[in-house]
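Notes follow once the structure below has been shown.
Number of protein chains: 2
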Amino acid sequence: MAVSSRPQRKARDAYHHGNLREALIAQAVQTIRKHGVEGLTLRGAGADLRVSRTALYRHFPDKHALLAAVATEGFRSFRAALLAAWESAGRGREGFAAMGMAYVRFAVINPSHYRVMFGGFLDSAGTESELSVAGAEAFQVLLDAIAEQQAQGLIRAEDPLPLAQYIWAAVHGIAMLVIDGRLQGAQTGEELARFAMARIRTGIDPGA
Amino acid sequence: MAVSSRPQRKARDAYHHGNLREALIAQAVQTIRKHGVEGLTLRGAGADLRVSRTALYRHFPDKHALLAAVATEGFRSFRAALLAAWESAGRGREGFAAMGMAYVRFAVINPSHYRVMFGGFLDSAGTESELSVAGAEAFQVLLDAIAEQQAQGLIRAEDPLPLAQYIWAAVHGIAMLVIDGRLQGAQTGEELARFAMARIRTGIDPGA
DNA sequence: ACCTGAACACCGTTCAAGT
DNA sequence: ACCTGAACACCGTTCAAGT
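Residue numbers (the working numbering), protein chains in the order written: chain A, 361 to 568; chain B, 361 to 568.
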C-alpha cells in the first residue's frame with residue numbers, strides 16, 4: 361500500500377521541490393483555457409497539484425502575480441507565433457499580412473489566455489517587470505517588420521512607432537471583437553484580418 | 361427624531377418603490393467609475409442605497425444582469441457621443457475623423473465603464489437582449505456614416521460591413537490599448553486615433 | 001409586491017505551527 | 001526552506017419569514 365500510493369519514485373519531492381512554480385503556471389494556463397479566468401481559484405489550483413491551499417504563496421505573492429506569470433508566458437508564445445508567420449511567409453508584404461492574420465489566429469485559438477494578457481487584470485504599470493518586457497518584445501516583432509519594409513521601400517519612410525501602434529491596435533481590436541463574439545457578419549476573424557491588412561497596406565504604401 | 365431621520369417626504373418609499381432599479385444602475389456606474397468593476401459588490405451597492413443585501417434580486421436575477429444593464433446604459437451614451445461628433449463636425453470626411461476621435465475619447469474618459477461594455481464580463485450571446493440592441497445601435501452610427509459617404513462618392517463603393525468592422529476594430533483597439541496603458545510612445549490616444557483615421561482614409565478613398 | 005435576516009457555499013489571504 | 005491546518009474577512013446567492 362505504501363508503494364502503490366507513490367506513482368513514481370520521489371513523486372512527492374518532485375511535486376514540492378523547485379518546479380512547483382512552473383507546475384502552477386502550467387496548471388493555471390490549462391484551467392483558464394478550459395474554464396476561463398473566473399474559473400481559476402488558488403484553492404482549486406492547489407488541489408489539482410495535490411498541494412496545500414497556501415503552498416503557492418511561497419512562489420507568488422498573490423493571485424495577481426500568478427496571472428501575470430500566465431500572461432508573460434502567453435506573450436512569449438505569442439511573439440514566437442508572430443515571428444514564425446512573418447518568416448515562413450517570406451517577410452515583405454506577404455509576410456506582413458500573414459503576421460496580421462497570425463495575430464488574430466492566436467487570439468481565436470487561445471481566447472482566455474489572450475484575455476489575461478490584455479484584459480486589464482494586470483497592472484501592466486511596472487515597466488521593469490517580466491510581463492512588460494515580454495509584451496514589449498512581442499510588439500518589437502511588429503516594429504522590426506515595419507522597419508525592414510521601410511528599408512526596402514515597401515512602406516513609406518516615417519516614424520515607425522505610430523504606424524506600428526495603429527496596426528497593432530487594428531489587429532488587437534479585431535481579435536477582441538471576435539473573442540467577444542461581437543462581429544456578426546459572415547466573415548471569420550482571420551478573413552477580417554486579411555481584409556484589414558489589405559486596407560492598411562493601401563494606406564501605408566509609399567505612393568499613397 | 362422621527363422627522364429628522366427622514367430627509368425628504370416619503371424618502372423611504374422613493375428609495376424602495378419603482379426606481380430602485382434605476383438607482384441601482386446609477387450607483388453601480390458611479391462605483392465602477394471610482395473603484396473599477398472589481399470594486400462593485402452587491403452588498404456594497406445595497407448598503408449605499410440603504411437597502412437590504414438581497415433587495416436587488418427583485419430587479420435583477422444576478423450580478424451579471426446588473427453589469428449588463430450598466431453596459432447597456434453605456435452603449436446608449438456612447439452612441440450619442442459618436443453621433444454628436446459626426447454631426448457637429450459637419451459629417452463627411454471631417455465628421456468621420458471626428459467620430460473616430462470621439463470613440464477613443466469616450467473610452468479614455470470612462471475607462472471602467474468601457475471595460476464593462478467590452479471586457480467580456482457579459483455573455484453578449486442573447487441577440488435579443490437589450491444589451492445587444494444597444495451595442496448594435498452604436499455600431500449602426502458608424503455603418504450609416506460609411507453608407508452616407510459612399511453615396512457621396514467619398515468612400516469607394518463596396519460592402520460597407522467589413523469596412524465598418526475594420527474601422528470599428530481599429531478605434532476599439534486603440535481605446536483598449538490606451539486604457540490598459542500599453543501605448544508607451546509620446547502620442548495620446550486621441551492623437552493616435554487621428555493618425556489612424558488619416559491612414560484609414562487613405563486606404564478607403566475611391567482612388568486607392 | 002417588495003423587503004428583511006439568517007444561513008450556505010464559496011473565495012483570497014494570514015499566521016502559528018510543523019518537518 | 002518549504003509545507004500544513006485553522007481561522008479571518010470577505011463574496012454571491014438562497015430561502016423562509018415578515019409587512
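Quick reminder that beta carbons are idealized off the backbone N, C-alpha and C, glycines included. Since we're looking at a predicted model, the values are computed, not measured.
Subject >> Sequence ranges, alpha helix (DSSP H) only - wholly within the segment 409–490 of chain A, length at least 4 >> reply: 423–448, 452–469, 471–478
Subject >> Proximity of L503(A) and L514(A) at Cβ, strictly below 9 Å >> reply: Within the first sequence, the letter at position 143 stands for residue 503(A). Within the first sequence, the letter at position 154 stands for residue 514(A). Cβ atoms of L503(A) and L514(A): not closer than 9 Å.
Subject >> Beta-carbon spacing of A429(B), I392(B) below 9 Å >> reply: Along the second sequence, read from residue 1 onward, the residue named residue 429(B) stands at position 69. Along the second sequence, read from residue 1 onward, the residue named residue 392(B) stands at position 32. No.
Subject >> Cα-Cα separation, A529(B) to S448(A) >> reply: On the second sequence, position 169 is the one that residue 529(B) refers to. On the first sequence, position 88 is the one that residue 448(A) refers to. Taking the straight line joining both Cα atoms gives about 26 Å.
Original post:
Under 9 Å, do G450(B) and R554(B) count as touching if we go by C-beta distance?
Top reply: On the second sequence, residue 450(B) is found 90 positions in, with the first residue counted as 1. On the second sequence, residue 554(B) is found 194 positions in, with the first residue counted as 1. Contact: no.
Original post:
Would you say the segment 464–478 of chain B touches the segment 401–414 of chain B, given that touching needs at least three Cβ pairs under 8 Å?
Top reply: no
Original post:
What's the gap between the Cα of L543(A) and the Cα of E497(B)?
Top reply: In the first sequence, residue 543(A) corresponds to position 183, counting from 1. In the second sequence, residue 497(B) corresponds to position 137, counting from 1. Cα-Cα distance, rounded: 14 Å.
Original post:
Could you give the distance in angstroms between the alpha-carbon of K423(B) and the alpha-carbon of F481(B)?
Top reply: Reading the second sequence from its first residue, position 63 is the one you call residue 423(B). Reading the second sequence from its first residue, position 121 is the one you call residue 481(B). If you take the alpha carbons of K423(B) and F481(B), they lie about 11 Å apart.
**OP:** Could you tell me which of V501(A), A517(A), A507(A), P421(A) sits nearest to A441(A), measuring between CA atoms?
**Re:** In the first sequence, the residue the question calls residue 441(A) occupies position 81. Answer by Cα proximity: V501(A).
Original post:
For Y463(A), which residues in chain B fall below 8 Å Cβ to Cβ?
Top reply: Along the first sequence, read from residue 1 onward, the residue named residue 463(A) stands at position 103. Ordered by position in chain B, no residue passes the 8 Å Cβ test against Y463(A), which lies about 11 Å from the chain.
Subject >> Continuous alpha helix (DSSP H) stretch holding E382(B): start and end >> reply: Residue 382(B) sits at position 22 when you count from the first residue of the second sequence. Its alpha helix (DSSP H) spans residues 380–395.
Original post:
To the nearest angstrom, how far is it from the Cα of F438(A) to the Cα of A494(B)?
Top reply: Here residue 438(A) is taken as the residue at index 78 of the first sequence, counted from 1. Here residue 494(B) is taken as the residue at index 134 of the second sequence, counted from 1. Approximately 33 Å between the Cα atoms of the pair.
**OP:** Find the nearest neighbour of R479(A) within the set E398(B), R561(B), G563(B), judged by alpha-carbon distance.
**Re:** Position 119 of the first sequence holds residue 479(A). In the sequence as displayed, the identity of residue 479(A) is Gly instead of Arg. Checked all of E398(B), R561(B), G563(B); the closest Cα to G479(A) is E398(B).
**OP:** Taking all protein chains shown into account, decide if G434(B) is buried (16 or more other Cβ within 10 angstroms of its Cβ) or exposed.
**Re:** As a position in the second sequence, residue 434(B) is number 74, starting the count at 1. It counts as buried.
Original post:
Can you name the residues of chain A whose CB is closer than 7 Å to the CB of Q500(B)?
Top reply: Along the second sequence, read from residue 1 onward, the residue named residue 500(B) stands at position 140. Residues of chain A passing the Cβ test: none, with the nearest at roughly 12 Å.
**OP:** Please check if any C-beta of chain B sits within less than 9 Å of the C-beta of A556(A).
**Re:** Counting from one through the first sequence, the residue named residue 556(A) turns up at place 196. Output row for A556(A): interface = yes.
**OP:** Evaluate A556(B) with the Cβ neighbour count: other Cβ atoms within 10 Å of its Cβ, from every protein chain shown; 16 or more gives buried, anything less gives exposed.
**Re:** Walking along the second sequence from the start, residue 556(B) turns up at place 196. When all chains shown are included, A556(B) counts as buried.
Subject >> Three-state secondary structure (DSSP) of G545(B) >> reply: As a position in the second sequence, residue 545(B) is number 185, starting the count at 1. In the structure shown, G545(B) sits in coil (DSSP, three-state: anything other than H, G, I, E or B).
Original post:
Out of curiosity, what's the CA-to-CA distance linking T562(B) and L537(B)?
Top reply: Residue numbering aside, residue 562(B) sits at position 202 when the second sequence is read from its first letter. Residue numbering aside, residue 537(B) sits at position 177 when the second sequence is read from its first letter. Roughly 23 Å separates the two Cα atoms.
Original post:
Who are the near neighbours of L491(B) in its chain, counting only those whose CB is closer than 6 Å to its CB and skipping five residues on each side?
Top reply: Numbered from 1 along the second sequence, position 131 holds the residue referred to as residue 491(B). Excluding residues within five positions, the ones whose Cβ falls inside 6 Å are A428, A431, T432.
Original post:
For L400(B), which three-state DSSP category applies?
Top reply: For the purposes of this step, residue 400(B) is taken as the residue at position 40 of the second sequence. L400(B) falls in the coil class under three-state DSSP.
Original post:
For the alpha helix (DSSP H) that contains I539(B), what are its first and last residues?
Top reply: Taking the second sequence and counting its residues from 1, one reaches residue 539(B) at position 179. First-last of the alpha helix (DSSP H) with I539(B): 520–539.
**OP:** Give the secondary structure of L514(A) by DSSP, where H, G and I count as helix, E and B as strand, and everything else as coil.
**Re:** Working through the first sequence from its first residue, we reach residue 514(A) at position 154. In the structure shown, L514(A) sits in coil (DSSP, three-state: anything other than H, G, I, E or B).
Original post:
Can a CB atom of chain A be found closer than 9 Å to the CB of F435(B)?
Top reply: Numbered from its first residue, the second sequence carries residue 435(B) at position 75. For F435(B), the answer is no, since every Cβ of chain A falls outside 9 Å of its Cβ.
**OP:** Determine the contact status of L400(A) and A415(A), defining contact as a CB-CB distance below 9 Å.
**Re:** Here the question's residue 400(A) lines up with position 40 in the first sequence. Here the question's residue 415(A) lines up with position 55 in the first sequence. No, Cβ-Cβ distance for L400(A) and A415(A) is not below 9 Å.
Original post:
Closer than 9 Å, CB to CB, is I534(B) near chain A or not?
Top reply: Within the second sequence, numbered from 1, the residue matching residue 534(B) stands at position 174. For I534(B), the answer is yes, since a Cβ of chain A falls inside 9 Å of its Cβ.
Subject >> Closer than 9 Å to chain A by CB, A421(B) >> reply: Against the second sequence, residue 421(B) aligns to sequence position 61. Residue identity differs from the one stated: residue 421(B) is Pro in this sequence, not Ala. False, the Cβ-Cβ gap to chain A never drops below 9 Å.
**OP:** Under 8 Å Cβ to Cβ from Q512(A), same chain only, skipping five residues before and after it: list those, please.
**Re:** Within the first sequence, numbered from 1, the residue matching residue 512(A) stands at position 152. Correct list, in chain order: G452.
**OP:** Output the distance between the C-alpha atoms of Q390(A) and M477(B), rounded to the nearest integer angstrom.
**Re:** Here the question's residue 390(A) lines up with position 30 in the first sequence. Here the question's residue 477(B) lines up with position 117 in the second sequence. Between Q390(A) and M477(B), the C-alpha separation is close to 27 Å.
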